[in-house]
Every structure is written in structure tokens, then in C-alpha cells.
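In what follows, a single structure is set out as C-alpha cells and then discussed.
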């Protein structure tokens, strides 16, 4: 059976609670097996309680008396508050004085005085694990329960706690991701809304509300937020036959079906609908998203163009513009004044041979025109010519001609006559409209694809965040927790063992575990740096540097090093404090490690100055230095210099990554045997 670091005092406390020793030898007179079994029962029960207490999956303990003295605690509680030495016999205030300002002692006093149980879920408690004034946020599900003695008087408090920090932090990150998605969704320029499997509207954005002119009732209104729906011929249709309803019923994507919606003020809008159903892994339709593109203005412009074209044709027909006649007997072409204008001829040149008329036809259209004329002549039918003409100055015009044949009394073909319409502007306008329609169709398709991509990307983002949260939780608990337990066992062995070889081996194990723990913390720092948003706050530069140096002076290599800290805060500096601390801790700890132990006058200087735009500071030492040949690789991941110093090769990589995350730069100036200076510039995120 494993014993915890505080096993001796914990065992004594349990023996006192059970009123008998755990390992006592009983003097038993043999009478009957039944009697022996009865006599052994207390010992078995004590050992069972001891195992249960130590192996409980929650933090548990007992606080004795009105001053709340630790009488019993299990290992899990010691790990929670990161106390590696025994705390039995000490008050809560002695062990964690920072809890007083948070009202924890008031809760304990109330429970002790009234006997009323106190419980809280996800309660934020700030612990000063290292006694340096730096509080760490921990979220706990906690219960304080009064214990009464045989006379019914309260003599102690049982406490039970579970650390739910990872779950709370993960939930908050997911909530932040959902808030960013909601902001993106609401600011989409296209009307977008979601329906459940039954067609009830469950979500819509600002553009959809503006298009409908009303806010639909969530979970009640179905299919669409408009008051009435029509097909593109303006025939009213039932709501359950609209594109969104069809997509939900048939489980198919509908791309750009045109409908007309009527707003609640009676205004009608032409829209293109793009509903996409959601289908789960079991093939069941769970809902749909619909994107509506307002094409009203485009429809109005197209209708105006059609009306203009129709009016032009009517005017030309009424005025008999562009009359012409080709006489097959004489070979002469007769042209009206309008025809002369179209072909850019003078009025006196209104008579031309048939061969001259043929010369105006665009070469690419000539064979087709002659074929149509010949076919019409053979069948004695009217014909319509749509061809281009090529004028002498190189201008190309589009001509629409309606032609008829004239025969004499004997049925002989005399001439071909008709009306020529210059449709160049209409043709070009139509081509331009077709091009615009293609561009609009492409844009709509791109918007549809973008909407789908955003939906997929959002799901993938949530999935990846969840997976990363699980990975970070696994690294933090499944790897670091066993290391903490091993360090506890090592401390126990160091206290109990007197053998020099054993202590030497234990020291080697401790150093290896510390290196592994530092590597894990670096990996977690790198992950946090890339996954979490910046948390900007005002940073006291001089005090922060002093605190970090104080925390690192416990390193064995720091003995004899003189520290100089002079950071002038000309203007308040705002940045992410956690990331700023990461930069300082890595660079200062490296400077401490890479000093020659037998050298005198060793120093580390931290100097700098802040202004409204930036912070410039440097960390200089007179340690072993780095040869210039290695300067280009020093910030690469896992790069290590050949040295007898321990390290993972990831610290400087994290420093550079963090500096860039804070929109800064870092440079190294170093010479082997002289020392090293890191010069850093960080942006001042002044609000």
C-alpha cells in the first residue's frame, strides 16, 4: 500500500479518529474462529478506511476546530494546492493566507458556527502556489460539511473538492469561438437563415430581417419570414412548396431557384434561393440553411431593356426605316435615306449594283447570307437575315433584315425587298447584359460556395478546438500529474534514505523529471500561444522583471550572479502579460544556465524603455556566449548547441514565436567567450 508524503501524520490522525492503531499487534486468546474474526474486524475496517481516504478520486480532508487546522488531507488535495511538504497541524490561513481576501474563511466560520453545509459549483479560487504573490485561477466544485461529536457539538469540518478548471476554461474557449461565428453570421451581406427538420425558423441574420422587413418568431414561423411567396411568373404558391421546404423534404441542394417574396408592408422582391439541407451520418435530415440573393434591381433593368427594344422595333416598323430592294433583272439595288445612313452612303449614291451590296456583308457571314437567300428563292418563302456588315472605315454593325420576294405575272422572280434594322446597340447591350448575368451568376455561385465553406470551416474549427482542448487536458493531467506524484515519492525517499548511492540516483531521477516537466510546460506554452487570443492589460515592467528574477534565483546556477534591472516606463505599456512573462522567463533562465561557474564578476543586465508605440529592452550577460555561425539557427525548434548544459532546444523557438505573436522582433548579439545580448522590440497595445 502506497503512503503519501504526509502519510505518517495522516495515519496518526486516522488512528485517532478510529480510536485504535492501524498496525497494532493484538493479544488474542484463542476461543473460536468466530471470535477471532470479530476481533480482527476493527483492524480490517481501519485499513479499508485508510485506503478509501488516500485513493479517493476527489480532494478530501478534515479541518479541526474553529481555527480550521488541517487534521486529514489526501494526496490529491496536496497536488491541487501544490504543497510538497506536510501541512497537517497547520491552519488554512498559515498554508494559504491568500484565501482570506477571497472570503473563504468567512464560509468556513459560518459552517463551523451554524452547522449549515456550504456548497458551490465552478467556484473561482485564486491560489498563491509559490508564495510570490502571483495568484493562479482554479475553478472548484466544493462542499464544506460540519462534523459533530458524540454530544452533538461541532468539532470539525469535512471538505470535498473537485478541480474543474480545464472544463471551465475549455467551455469558455468554445463560447468565444461560438461568439465569433455568431458575429460573422450576423454580418454576412446576404440574407441567411436556418430551419430545423420540420421547417421552423431557428436562426436568421440581420440581412434576412432587412429583406423580410420583420423579425420572424423563432421556433414558430416556418419556411420563410415573408408574408407571401410567389413563383417567378408571380403566381402565389403555398409555403410548403417553396425552395426551403423542398430542400428539407427531399434532402437536395437547390441552386438559385427564382421566387418572389412579399414583405409585410406589401412590397415584392425578386430573390434567388439557395437552400442546403443538413444530413447526419444516419442519412436523416436535421435541418437546412438558406441564402437569399435579392435580384430585384437586375430584373427591373432587364425588363426596361426589353421594353426599350420593343419600342425601338415598333418605331422602325411604323416609319418603314431602312427600305431596300434588289432587282435581279437589272442588278441594281435601291436604297432609302435611312438605309444610306446605316451603310454610310450619300443620298445621290442610292443606286448600286447587287455585287456592291454583297461587298458590305462581313466575310464571316457571307456564305450563310447567300445560302439563306438561295434557299428562300428556291422555296419562294420569306427570309430573315441576321448578319454583320463591314463598312469601309472598318466599323462593324449588326443588321436585322426581314425580306420578301416579288414575282411578275408569269411567276418569274423579279426582286428581293425588305427592311433593314440597325440593331448594333441592342446587340451590344444584350451581350453586355449576358456578360453581367454570367458575372452575377458566378458571384452568386461563389457566395453559395463561400457560405458552404464557412459552415464546414466553422464545424471543423469547433472540432479542432475540441480536439486541442482534449490534447492539452491530456498533456496537463495524464503526463504532468504522474510526474508530480513521482517527485513526491522522490522527496519521501530522500527523507527516509541515508544511502549515498541511492541519494545520488534519486538526484539524477529528479533532474530528468524536471527536464521532462520543463519540456511539457514549453509544449503547453507553445500550444497556448498559438490557440488563445491576446489578453491586453497594463504591465508594470520593472516589477514584473524583479518578480521573475526573484523566482529564478532559486536555480543552483544563479548563485553568485549579479542582476541589474533598469526598465524606464516613460509611457504605460500594454500587452499580454502571460506571453510577456514567457519571453522574460526563458531568456533570463537561459542567461543563468549558460554562465561559467568558476568565473567571477558574473552579471545579467535587463534594461529598456517604453514609449507610446513600443517597448525596447535587452537582456545581456557575460556568460559563455554563442559563436556567430550558430546565430541563424538559434531560434529553430529543437536546435541545441553542443554543451554540457541540459535543455530541450525549444525555449528560444517559443520566445521568437511569442515575440512575433506580440507584433515584435528579436535579435541576438553574441560572441563566444564574451557573452550574449538579446534585443527585443514589442508593440505597445495602448488602448
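In my numbering, the protein residues as written are 3 to 689. Backbone N, C-alpha and C define an ideal beta-carbon position, used for all residues, glycine too.
- In this structure, residue 627 lies near residue 674, with their beta-carbon atoms less than 8 Å apart.
- Annotation for residue 262: the continuous beta strand (DSSP E) segment containing it runs 259-264.
- Taking the CA atoms as reference points, residue 60 sits about 6 Å from residue 163.
- Note that the C-beta distance between residue 224 and residue 202 is below 8 Å.
- A residue is called buried when at least 16 other Cβ atoms come within 10 angstroms of its Cβ; residue 271 meets this threshold and is buried.
- Note on residue 604: 16 or more other CB atoms within 10 angstroms of its CB, so buried under the neighbour-count rule.
- Setting aside the 5 residues that flank it on each side, residue 214 is surrounded in the same chain by 227, 228 and 265, each with a C-beta closer than 7 Å to its C-beta; the list follows chain order.
- In the pairwise beta carbon analysis, the stretch 70-80 is classified as touching the stretch 88-95: at least three pairs are separated by under 8 Å.
- Rounded to whole angstroms, residue 147 and residue 65 show a C-alpha spacing of 10 Å.
- Taking a cut-off of 8 Å on C-beta distances, the stretch 586-597 touches the stretch 558-575, as three or more cross pairs fall below it.
- Judged by beta-carbon spacing, residue 399 lies within the 8 Å limit of residue 424, meaning their Cβ atoms are closer than that value.
- Counting along the chain, residue 73 sits inside the beta strand (DSSP E) bounded by residues 71-75.
- A distance below 7 Å between beta-carbons, with the five flanking residues on each side excluded, links residue 134 to the following residues of its chain, in chain order: 549, 552 and 553.
- Looking from the CA of residue 329, the closest CA among 140, 414, 252 and 230 belongs to 414.
- Residue 193 and residue 184 have their alpha carbons spaced roughly 14 Å apart.
- Secondary structure at residue 672: strand, using DSSP grouped into helix, strand and coil.
- Look at the beta carbons and you see the stretch 385-402 touching the stretch 417-436: at least three pairs across the two are nearer than 8 Å.
- Across the structure, residue 299 and residue 361 are spaced so that their CA atoms are roughly 43 Å apart.
- Judged by DSSP secondary structure, residue 549 falls within the alpha helix (DSSP H) whose first and last residues are 543-554.
- Within its own chain, the residues whose Cβ lies closer than 8 Å to the Cβ of residue 290, once the five positions on either side in sequence are excluded, are 196, 197, 246, 249, 250, 277, 278, 279 and 280, listed in chain order.
- Per DSSP, the continuous alpha helix (DSSP H) segment holding residue 187 begins and ends at 167-188.
- Only residues of its own chain outside the window of five on either side were considered, and among them 130 have a CB closer than 6 Å to the CB of residue 100, listed in chain order.
- Approximately 37 Å separates the beta-carbon atoms of residue 453 and residue 661; this is outside 8 Å, ruling out the contact.
- As computed with DSSP, residue 634 is found in no beta bridge at all.
- If you compare the alpha carbons of 364, 199 and 75 with that of residue 286, the shortest gap goes to 199.
- Residue pairing from DSSP places residue 164 in a beta bridge opposite 143.
- The secondary-structure analysis by DSSP pairs residue 611 across a beta bridge with 570 and 618.
- Our two residues, residue 112 and residue 542, have alpha carbons roughly 38 Å apart in a direct line.
- According to the DSSP assignment, residue 96 belongs to the alpha helix (DSSP H) that extends over 94-97.
- DSSP, read as helix, strand or coil, puts residue 418 in strand.
- Pairing residue 613 with residue 584, the inter-Cα distance amounts to about 22 Å.
- Not a single unbroken stretch of the beta strand (DSSP E) spanning 3 or more residues falls wholly within the stretch 430-462.
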